[in-house]
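So the protein sequences, as listed, match chains A and B.
In case it helps, our numbering puts the first sequence at residues 48 to 341.
In case it helps, our numbering puts the second sequence at residues 634 to 911.
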Amino acid sequence: MAKWVNKNIKWIFTAPTIIFILLCVTYPILYTLQLSFCEWGMSANIPKKFVGLQNYIEIFSDSRFWDAFWRTINYTLIAVAIETILGVAIALLLGKITRHTGIIRTVFLLPMVATPVAVGMVWKLIYDPTIGLANLILRKVGLPTSAWLGSSDTVFSSLIIIDIWQWTPMVMLMVLAGISGLGADVFESAKVDGANEMQLITRIQLPLLAPTILMAILLRVIDALKTFDIIYSTTTGGPGYSSENLNILSYRNAFEYFYMGKASALLIVFFIVVLVVAILYMLLKARIERRYES
Amino acid sequence: MKNKRRIKPKKICMKTIFWIVVVCIMFVNLVPLLWMLSASFKTIVDIMNPKKMFVFTPTIKNYIEVFTKYSFLKPIINSLIVSTGATVLACLFGLPAAYAIARYKQNKLSLIILAVRIIPAITFLVPWYIIFSKLKMTGTYTSLIMANLLVSLPLIVWIVTPYFGSIPKELEEAAFIDGSSVFNSFIRIMIPLSAPGIFTAAILSFIYAWNNFLFALILSSSSTKTLPMAVFNFISYTSVNWGGLMAAAVVITGPVIIVSIALQKYVVSGLTAGAVKG
Numbered sequence: 048m049a050k051w052v053n054k055n056i057k058w059i060f061t062a063p064t065i066i067f068i069l070l071c072v073t074y075p076i077l078y079t080l081q082l083s084f085c086e087w088g089m090s091a092n093i094p095k096k097f098v099g100l101q102n103y104i105e106i107f108s109d110s111r112f113w114d115a116f117w118r119t120i121n122y123t124l125i126a127v128a129i130e131t132i133l134g135v136a137i138a139l140l141l142g143k144i145t146r147h148t149g150i151i152r153t154v155f156l157l158p159m160v161a162t163p164v165a166v167g168m169v170w171k172l173i174y175d176p177t178i179g180l181a182n183l184i185l186r187k188v189g190l191p192t193s194a195w196l197g198s199s200d201t202v203f204s205s206l207i208i209i210d211i212w213q214w215t216p217m218v219m220l221m222v223l224a225g226i227s228g229l230g231a232d233v234f235e236s237a238k239v240d241g242a243n244e245m246q247l248i249t250r251i252q253l254p255l256l257a258p259t260i261l262m263a264i265l266l267r268v269i270d271a272l273k274t275f276d277i278i279y280s281t282t283t284g285g286p287g288y289s290s291e292n293l294n295i296l297s298y299r300n301a302f303e304y305f306y307m308g309k310a311s312a313l314l315i316v317f318f319i320v321v322l323v324v325a326i327l328y329m330l331l332k333a334r335i336e337r338r339y340e341s
Numbered sequence: 634m635k636n637k638r639r640i641k642p643k644k645i646c647m648k649t650i651f652w653i654v655v656v657c658i659m660f661v662n663l664v665p666l667l668w669m670l671s672a673s674f675k676t677i678v679d680i681m682n683p684k685k686m687f688v689f690t691p692t693i694k695n696y697i698e699v700f701t702k703y704s705f706l707k708p709i710i711n712s713l714i715v716s717t718g719a720t721v722l723a724c725l726f727g728l729p730a731a732y733a734i735a736r737y738k739q740n741k742l743s744l745i746i747l748a749v750r751i752i753p754a755i756t757f758l759v760p761w762y763i764i765f766s767k768l769k770m771t772g773t774y775t776s777l778i779m780a781n782l783l784v785s786l787p788l789i790v791w792i793v794t795p796y797f798g799s800i801p802k803e804l805e806e807a808a809f810i811d812g813s814s815v816f817n818s819f820i821r822i823m824i825p826l827s828a829p830g831i832f833t834a835a836i837l838s839f840i841y842a843w844n845n846f847l848f849a850l851i852l853s854s855s856s857t858k859t860l861p862m863a864v865f866n867f868i869s870y871t872s873v874n875w876g877g878l879m880a881a882a883v884v885i886t887g888p889v890i891i892v893s894i895a896l897q898k899y900v901v902s903g904l905t906a907g908a909v910k911g
């Protein structure tokens with residue numbers, strides 16, 4: 048017995064995880080796929096009806112889907128681009144500090160660990176047109192006030208600002224960890240060779256940090272595509288449909304309208320979008336890294 | 634000597650500017666959280682009054698309301714049960730899996746676990762909801778704990794695998810020669826030596842489960858609703874009670890923030906895991 052256990056230990060050790068994944072991940076995805084070809088309102092009396100590709104046709108001819116699709120992509124691109132630039136810049140600035148690093152890290156840690164729903168609520172108050180801090184500041188400096196989350200014109204950028212506040216620290220902390228992993232001797236020798244501050248950053252730090260920065264971008268892209276908590280807790284996708292991304296749209300179809308078939312088709316599309324973006328990004332990352340290595 | 638004195642003012646000036654910039658960035662980071670904290674101690678009249686932005690008479694009325702009128706005690710207990718349950722189960726499942734990946738190069742499994750991290754969780758939740766409804770299990774702790782495993786399990790494996798991998802094989806081989814089984818060496822050698830990594834992963838898993846909103850939104854019932862749901866339900870009450878809402882927000886984020894400050898080193902290393910290895 049003991050011998051058998053020892054010999055098959057790698058299967059015994061992985062079995063719980065594999066069973067969990069098969070049961071709770073693989074099977075549900077296949078179920079969602081099957082459901083996406085059906086029409087069903089979660090009613091016990093009315094059985095599922097096979098409708099072929101109708102759900103997909105319905106989705107792709109619906110402008111609400113395409114709005115949500117492009118909103119998801121744009122949100123991710125804009126938020127992650129700004130977060131990367133800001134995060135890397137702040138990390139390069141703070142990388143020189145050797146004292147008080149604990150306090151600095153803690154301050155940057157807080158936005159990303161704070162409960163998203165609570166963060167959403169605070170920003171709802173900050174963005175409140177009459178009593179909020181945002182308009183108070185605008186009024187103080189004499190700029191026109193904004194409706195922020197209350198208008199379909201400004202809700203998108205208001206949400207991106209929250210995302211930037213919450214997640215720039217993630218890029219910054221990852222790059223900071225990368226910087227402390229580099230060691231000081233590289234810079235010393237470059238300084239001896241007469242490199243100035245700018246050259247140090249562009250020629251030495253950034254290329255050496257490229258893998259770390261790319262990793263941070265990947266993690267951010269994956270999570271930004273899936274943004275749910277902040278949007279749903281502040282606007283539930285509104286005003287109208289103006290802040291719906293694919294995640295919110297799928298959620299609403301499934302759990303507000305109970306269009307289980309259509310929601311499943313949406314989820315399959317969403318799933319494919321996230322997977323394609325992740326794979327494309329990893330291919331790109333491998334290519335960039337090869338170039339830096341050679 | 635003279636030379637030194639001439640450089641100094643410029644250097645001090647640069648340094649001052651540098652620190653002002655640093656402090657400003659840090660302040661911007663903290664403003665929303667400080668805003669939340671201060672509003673939670675204000676009456677609704679004071680929140681609406683811009684002149685009372687910094688100077689006001691603090692009140693704990695909001696906090697009393699959160700626990701009496703909105704009965705937050707039950708959601709706190711629910712959140713504790715779900716977060717603890719998910720973290721313990723994720724460790725039970727994830728630690729052996731991480732060991733197998735580190736020692737036996739189970740790269741396919743590691744790729745699958747990475748895929749679970751990437752795939753939007755809501756993709757699994759529609760079938761889960763349907764199945765749990767059929768089994769009459771929606772609104773149970775079990776369903777919430779299992780849902781949170783979707784996040785916690787990949788997290789534990791992702792963070793702990795490199796720790797296991799960095800422990801020299803020779804240590805274990807010596808134990809095997811002395812007649813120890815793989816299971817024994819896993820418990821006696823690998824786990825204690827990886828304790829910081831496991832601790833890090835467990836804290837993060839707890840925080841993520843504590844913060845999770847989507848799973849609770851779909852799977853919890855009124856008796857098992859967790860804190861994020863309780864806070865979210867706040868705004869469905871008639872006019873928004875901002876003071877109470879901010880007090881509720883402090884109640885939910887407070888523990889996470891205290892833990893993060895106390896265990897900053899671990900939390901940062903967990904969140905930035907994979908940064909250096911690439």
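We treat Cβ as the ideally placed atom computed from N, Cα and C, and that holds for glycine.
Since the structure is predicted, the reported quantities are computational estimates derived from the model, not experimental observations.
Suppose the cutoff is 8 Å on Cβ atoms and the five residues either side in sequence are ignored; what does the same chain contact list for residue i look like?
i: S893 of chain B; result: I840 and V900
i: L322 of chain A; result: none
i: V52 of chain A; result: I59
i: I822 of chain B; result: I800, L804, E805 and A808
i: F846 of chain B; result: P861, M862 and F865
Figure out for me which residue from the options has the closest Cα to the Cα of residue i.
i: Y328 of chain A; options: A:I264, A:E130 and A:V316; result: A:I264
i: P191 of chain A; options: A:F203, A:E336 and A:L183; result: A:L183
i: I269 of chain A; options: A:K309, A:A325 and A:I125; result: A:A325
i: K95 of chain A; options: A:S193, A:I319, A:G308 and A:I66; result: A:G308
i: G314 of chain A; options: B:A754, B:P729 and B:Y703; result: Checking the displayed sequence, the identity of residue 314 of chain A turns out to be Leu instead of Gly. Ranking the options by Cα distance to L314 of chain A, first place goes to B:A754.
i: T73 of chain A; options: A:F112, A:L330 and A:F318; result: A:F318
i: Y796 of chain B; options: B:V661, B:P760, B:G903 and B:S813; result: B:G903
Identify, in the order they occur along the chain, each residue of the same chain with its Cβ nearer than 6 Å to the Cβ of residue i, setting aside the five sequence neighbours on each side.
i: R592 of chain B; result: Lying before the first or after the last residue shown, residue 592 of chain B is absent from chain B, which here runs from 634 to 911.
i: E698 of chain B; result: G877
i: N695 of chain B; result: S673, G876, G877 and A880
i: A115 of chain A; result: E291, N292, L293 and L296
i: R118 of chain A; result: N292
Counting only C-beta atoms, is residue i closer than 9 Å to chain B at any point?
i: S311 of chain A; result: yes
i: V166 of chain A; result: yes
i: T131 of chain A; result: no
i: I335 of chain A; result: no
i: V52 of chain A; result: yes
i: G287 of chain A; result: no
i: V160 of chain A; result: yes
i: L141 of chain A; result: yes
i: V135 of chain A; result: no
i: L124 of chain A; result: no
So, does the CB of residue i fall closer than 9 Å to a CB anywhere in chain A?
i: P795 of chain B; result: no
i: A672 of chain B; result: yes
i: A835 of chain B; result: no
i: F651 of chain B; result: yes
i: N844 of chain B; result: yes
i: Y762 of chain B; result: yes
i: I714 of chain B; result: no
i: G911 of chain B; result: A caution first: G911 of chain B carries a pLDDT of 35, below 50, which makes its placement in the model too unreliable to give a value.
i: G727 of chain B; result: yes
The alpha helix (DSSP H) with residue i in it runs from where to where?
i: E291 of chain A; result: Run containing E291 of chain A: none; DSSP gives neither H nor E here.
i: T61 of chain A; result: I56 to I68
i: N682 of chain B; result: It is not in any alpha helix (DSSP H) - N682 of chain B carries neither H nor E in the DSSP assignment.
i: L725 of chain B; result: L706 to Y737
i: Y303 of chain A; result: According to the sequence displayed, residue 303 of chain A carries Glu and not Tyr. Premise fails: E303 of chain A is in no alpha helix (DSSP H) and is neither H nor E.
i: F275 of chain A; result: F275 of chain A -> no alpha helix (DSSP H), and no H or E assigned at all.
i: I791 of chain B; result: A small fix is needed here, since residue 791 of chain B is Trp in this sequence, not Ile. Note, W791 of chain B: alpha helix (DSSP H), Y774 to S799.
i: P840 of chain B; result: Per the sequence shown, residue 840 of chain B should be read as Ile rather than Pro. Looking at the DSSP string, the run of the alpha helix (DSSP H) that includes I840 of chain B is A828 to N844.
i: M221 of chain A; result: V202 to L229
i: N866 of chain B; result: L860 to F867
i: F674 of chain B; result: That residue, F674 of chain B, is in no alpha helix (DSSP H); it is neither H nor E in DSSP.
i: L247 of chain A; result: First-last for L247 of chain A: undefined, no H or E at that position.
Verify the contact flag: residue i, CB atom, against every heavy atom of the ligand FMN, threshold strictly below 8 Å.
i: I751 of chain B; result: As presented, the structure is devoid of all ligands, the ligand FMN included, so that no description of it is given.
With a CB to CB cut of under 7 Å and the five nearest residues on each side skipped, what residues in its chain are close to residue i?
i: T756 of chain B; result: none
i: A312 of chain A; result: S83, N102, Y103 and I106
* **the stretch 793 to 807 of chain B contacting the stretch 714 to 722 of chain B, beta-carbon criterion three pairs below 8 Å** => no
* Indicate whether the contact test is met: 3 or more Cβ pairs, each with one atom in the stretch 827 to 837 of chain B and one in the stretch 661 to 680 of chain B, closer than 8 Å. => Output reads no: the stretch 661 to 680 of chain B does not touch the stretch 827 to 837 of chain B.
* Would you call the stretch 672 to 684 of chain B and the stretch 873 to 892 of chain B touching, i.e. three or more CB-CB distances under 8 Å? -> yes
* With contact counted as at least three CB pairs below 8 Å, one residue from each stretch, are the stretch 643 to 658 of chain B and the stretch 280 to 300 of chain A in contact? -> Flag = no, the stretch 643 to 658 of chain B and the stretch 280 to 300 of chain A do not touch.
* Asked: Taking three-plus beta-carbon pairs below 8 Å as touching, is the stretch 272 to 283 of chain A in contact with the stretch 164 to 182 of chain A?
  -> With a cut-off of 8 Å, the stretch 164 to 182 of chain A and the stretch 272 to 283 of chain A count as touching, because enough Cβ pairs lie within range.
* Asked: Between the stretch 155 to 163 of chain A and the stretch 245 to 258 of chain A, are three or more C-beta pairs nearer than 8 Å?
  -> no
* Would you be able to state if there are at least three C-beta pairs under 8 Å between the stretch 815 to 830 of chain B and the stretch 102 to 109 of chain A? => no
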